[in-house]
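In the numbering used here, the protein residues as written are 1186 to 1625. Each residue gets a CB set at the ideal place from its N, CA and C atoms; glycine is no exception. Quick notes on the structure that follows.
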Amino acid sequence: MKLLFSCSLLLFITAACLCGSAATRKLRGISSSYKRFYRERRSFLCIDGSRVIPFEQVNDDYCDCEDGSDEPGTSACPRGRFYCTNLGFRPHYIPSSRVNDGICDCCDASDEYNSHARCQNSCWNLGQRERAYVEGQMRTLDEGLQLKQQLIEEGVLLWREKQGAAAGGRRPADQTGGARRRKQEAEQTLKALEAGDTRVRGQNSSESTFRLLDSNKDGSLSVEELQEKLVLVQEEELLLSEEEAVALMGGGRQMDLPMFQHSLWDVLNTENRVKIRGIVDAEDPHLKAADTAAEREASSLKKVEEAYDTINMEISDLRKKLAIDYGPDWEFLFLNSQYTYNLCPFNQVTQKSTAGTEVSLGRWGMWAGTPKNPYSQMVYENGEPCWQGGSRSTTVTLTCGTETALCGVKEPSKCQYIIDFQTPVACQPVLKQRGIHSEL
């Protein structure tokens, strides 16, 4: 009796173990949300509703359901899916064809429960890396939101600034008109001198006019020299006859400088009937002054016209920018306010907008560092003018760096720029501080 009881007890324990093993086999590869479909009962309904099979056929390594739902833990069904629980990491599905194929697909190794592969559970390590990445993303998001708020505030200010700039963009027109008028006046004066109108020269040009008429440079004027250099002005220019030349010389045939200044010079300077023919003496100081003034005014007009054209392009660019939708809080405006800056050391600094407009922010001026480090700052002056301010200028601050590059540009005030320029040549040796020992 005692032996029979022991055998019965052993049989019961073995059966219980087998039943537990079967239950574990049947539930493998199922997510918690699908476990309600796999409650052990006498029959199993395929999840797609296509067929009812005995529950014993679930996970028996034979595909009975078309959707593969009866074999969630084996590779029997071509359309089946195996659920990786991956505790500590992200759960996911794999094709059931990968179950027990000798390759570890689930980080918890649950897909290789009956293969020769020796898979390690790596879910915890993967989870740690995933959590660190997510935390980094959250920090980036927080910082990004803070920066976004700053950009919104800057966008509002930039929007108002651009509106004000576009509204006041026509002011340089009067400057262009004034420069053009001054150029025309200078050119008219030069033409009058070149045509021989001595009245525009003033009294101090009598000596230079005498030298011009004195072809042989003997210090006196002859009848022949006057006939060669002077013409009568009537309906057209007429050459002087000998009698007319003698009459201009007061009846004589020679005339020195004092006589010229008291007689013929007055005729040339006050009357329209006689004038000098041909090209005026290149040494004439009045001609030189007029020529220089004409060139200066032409150059000035060119600069004003170029500045005006640049301003017109900037205004056109502003109006195009103001017509764009930059978001409800103008938070995307800064993306369309980017410029490309180009520094040519000891030459100039330029700024190029997204529309392609390039303006000068200043030409090389001088070093402007501190007394201890005079070569720490460069100043570039006399750039293109602003329509609401003076000429643009730039201060370049040199800092030590392993590469030569522009690292930042600021505009603390209207058309006044500050550039951070990193370069190895700005690096200075650091002196050891007194009182600090090497063993520290």
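Rounded Cβ spacing between residue i and residue j (contact assumed at less than 8 Å)
i: A1294; j: Q1305; result: 7 Å
i: Y1268; j: G1214; result: 5 Å
i: D1249; j: T1259; result: About 12 Å; that fails the 8 Å criterion.
i: S1448; j: G1435; result: 6 Å
i: F1274; j: C1231; result: No, F1274 and C1231 are not in contact; Cβ-Cβ is about 30 Å, not under 8 Å.
i: Q1446; j: S1407; result: With 8 Å as the limit, Q1446 and S1407 do not qualify as a contact, their Cβ atoms being about 17 Å apart.
i: P1570; j: A1492; result: 5 Å
i: I1279; j: C1291; result: 7 Å
i: V1594; j: Y1511; result: The Cβ separation is near 21 Å, so there is no contact.
i: V1581; j: Q1562; result: 7 Å
i: Y1565; j: G1550; result: 6 Å
i: G1541; j: G1568; result: G1541 to G1568, Cβ: 18 Å. No contact.
i: G1287; j: A1302; result: 5 Å
i: L1424; j: Q1412; result: 7 Å
For residue i, three-class secondary structure by DSSP
i: V1341; result: helix
i: L1518; result: helix
i: S1426; result: coil
i: Q1412; result: helix
i: D1245; result: coil
i: T1608; result: strand
i: F1240; result: helix
i: L1272; result: coil
i: S1405; result: coil
i: C1308; result: helix
i: T1394; result: helix
i: T1455; result: helix
i: P1559; result: helix
i: T1259; result: coil
i: R1504; result: helix
i: Q1335; result: helix
i: Y1298; result: coil
i: E1366; result: Sequence check: residue 1366 is Arg here, not Glu. R1366 falls in the helix class under three-state DSSP.
i: Q1322; result: helix
i: R1316; result: helix
i: Y1278; result: strand
i: R1221; result: helix
i: Y1493; result: helix
i: R1481; result: helix
i: P1614; result: coil
Run of the beta strand (DSSP E) containing residue i, from where it starts to where it stops
i: A1590; result: 1590-1598
i: Q1562; result: 1562-1566
i: N1527; result: 1524-1529
i: Q1533; result: 1533-1538
i: L1229; result: Going by the sequence as given, residue 1229 is Phe instead of Leu. That run of the beta strand (DSSP E) goes 1228-1230.
i: G1547; result: 1543-1552
i: S1578; result: 1578-1585
Buried or exposed by the 16-neighbour rule on C-beta atoms within 10 Å, applied to residue i
i: E1410; result: buried
i: S1281; result: buried
i: R1345; result: exposed
i: A1432; result: exposed
i: L1189; result: With a pLDDT of only 40 at L1189, under 50, the local geometry of the prediction cannot be trusted, and no value is derived from it.
i: F1229; result: buried
i: N1633; result: For the chain, the structure presents residues 1186 to 1625; residue 1633 sits outside this window and is missing.
i: E1482; result: buried
i: D1327; result: exposed
i: L1453; result: buried
i: Q1394; result: In the sequence as displayed, the identity of residue 1394 is Thr instead of Gln. With 16 or more other Cβ atoms within 10 Å, it is buried.
i: R1266; result: buried
Endpoints, alpha helix (DSSP H) assigned at residue i
i: V1284; result: No alpha helix (DSSP H) contains V1284, which DSSP labels as neither H nor E.
i: E1444; result: The sequence shown places Met at residue 1444, rather than the Glu named in the question. From DSSP, the alpha helix (DSSP H) with M1444 extends over 1442-1447.
Residue i Cβ short of 8 Å to the ligand NAP heavy atom set
i: D1494; result: Absence of the ligand NAP is noted for the structure shown, with no ligands found whatsoever.
Chain B within 9 Å of residue i, Cβ atoms only
i: R1345; result: Checking the listed chains, one finds no chain B in this structure; it contains a single protein chain.
Pair every Cβ in the region 1603-1613 with every Cβ in the region 1587-1594, then say whether three or more of these pairs are closer than 8 Å.
-> Flag = yes, the region 1603-1613 and the region 1587-1594 touch.
Indicate whether the contact test is met: 3 or more Cβ pairs, each with one atom in the region 1449-1463 and one in the region 1417-1424, closer than 8 Å.
-> A contact exists between the region 1449-1463 and the region 1417-1424.
Segment contact, 8 Å Cβ cut-off, at least three pairs: the region 1575-1586 with the region 1532-1550 | Cβ pair count under 8 Å is three or more, so yes.
Tell me, please, whether the region 1253-1261 touches the region 1223-1238 by the rule of three or more beta-carbon pairs shorter than 8 Å.
-> Result yes; three or more Cβ-Cβ pairs closer than 8 Å.
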